[in-house]
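Peer 1: One structure, as structure tokens, below. Some questions next.
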Amino acid sequence: MNAVDKYSTDNIADNEMIIAVDDVVKKDYDSAVVRIKKALARLKSTGHVEKYAEYLNILGLVYELENDESKAFECYLESLATAEIIRSRDLKAMVYSNIGSSYSKMGRDKEAQRYFNDARDEYDSSSEKSEECHKSWVMFDYINHAINDRYVALS
Numbered sequence: 001m002n003a004v005d006k007y008s009t010d011n012i013a014d015n016e017m018i019i020a021v022d023d024v025v026k027k028d029y030d031s032a033v034v035r036i037k038k039a040l041a042r043l044k045s046t047g048h049v050e051k052y053a054e055y056l057n058i059l060g061l062v063y064e065l066e067n068d069e070s071k072a073f074e075c076y077l078e079s080l081a082t083a084e085i086i087r088s089r090d091l092k093a094m095v096y097s098n099i100g101s102s103y104s105k106m107g108r109d110k111e112a113q114r115y116f117n118d119a120r121d122e123y124d125s126s127s128e129k130s131e132e133c134h135k136s137w138v139m140f141d142y143i144n145h146a147i148n149d150r151y152v153a154l155s
């Protein structure tokens with residue numbers, strides 16, 4: 001695959017993700033899952049590992065919105081393993097934060113606090129505090145708020 005094809009494929013994956021976030025806003029989680037999986041397949045085919053892991057983490061958030069914690073944790077753990085391999089502290093911080101949020105919603109406060117502390121430590125140590133990382137954090141934060149709003153509404 002040449003550089004133009006890779007760039008084109010990555011842009012298509014990004015566009016799928018933008019539409020998926022719109023689907024989340026509309027509470028059309030099934031459509032969001034389908035779109036994110038399409039984006040993941042494209043990223044996997046180009047070898048864009050870090051973005052693949054970021055989008056996998058977002059897929060975990062959407063599964064949480066669907067109340068499917070087991071699939072959410074599968075996504076988080078694969079994303080975390082990938083972040084370890086590629087040594088992305090910022091991505092590890094995001095995944096740790098999402099795992100902490102999941103445990104918190106389950107009432108497992110000790111586990112939640114451990115992961116929140118790990119997230120803080122990774123982010124504080126990260127040298128990747130770039131605009132791109134900030135954009136990722138904003139997207140994760142938005143979806144996490146949607147999850148929390150849904151959780152409160154169901155309580």
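Mapping to the UniProt record's numbering: the sequence shown position 65 is 65, numbers consecutive. Each residue gets a CB set at the ideal place from its N, CA and C atoms; glycine is no exception.
#1: So, with DSSP's three-state summary, where would you put residue 47?
#2: Along the alpha helix (DSSP H) that carries residue 109, what are the first and last residues, could you check?
#3: So residue 89 is in the alpha helix (DSSP H); what residue range does that whole segment cover?
#4: Nearest to residue 72 by CA position, among 83, 52, 95, 84, is which residue?
#5: Residue 69 lies in the alpha helix (DSSP H); which residues open and close that run?
#6: Determine the burial state of residue 67: buried for a count of at least 16 other Cβ atoms within 10 Å of its Cβ, exposed for fewer.
#7: Quick check: the segment 103-120 against the segment 74-86, are at least 3 beta-carbon pairs closer than 8 Å?
#8: Leaving out five residues before and five after residue 43 in sequence, what residues of the same chain have Cβ atoms less than 6 Å from its Cβ?
#9: Our contact map puts residue 102 next to residue 116 with C-beta atoms below 8 Å; I'd like the distance itself, whole angstroms only.
#10: Using DSSP with H/G/I as helix, E/B as strand and the rest coil, what is residue 27?
Peer 2: By the coordinates alone:
#1: By one-based count along the sequence shown, residue 47 stands at place 47. Three-state result, residue 47: coil.
#2: Translated into positions along the sequence shown, residue 109 becomes position 109. Annotation: the continuous alpha helix (DSSP H) that includes residue 109 extends over 109-125.
#3: Within the sequence shown, numbered from 1, the residue matching residue 89 stands at position 89. Taken as a continuous stretch (DSSP letters only), the alpha helix (DSSP H) holding residue 89 covers 89-105.
#4: As a position in the sequence shown, residue 72 is number 72, starting the count at 1. When only C-alpha atoms are compared, the closest one is 95.
#5: Here residue 69 is taken as the residue at index 69 of the sequence shown, counted from 1. Residue 69: member of the alpha helix (DSSP H) spanning 69-86, first to last residue.
#6: Against the sequence shown, residue 67 aligns to sequence position 67. Exposed, since its Cβ has fewer than 16 Cβ neighbours within 10 Å.
#7: no
#8: Residue 43 sits at position 43 when you count from the first residue of the sequence shown. Closer than 6 Å at Cβ, skipping near neighbours: 13, 51, 52.
#9: Taking the first residue of the sequence shown as 1, we reach residue 102 at position 102. Taking the first residue of the sequence shown as 1, we reach residue 116 at position 116. No, residue 102 and residue 116 are not in contact; Cβ-Cβ is about 11 Å, not under 8 Å.
#10: Position 27 of the sequence shown, counted from the first residue, corresponds to residue 27. Coil at residue 27, not helix or strand.
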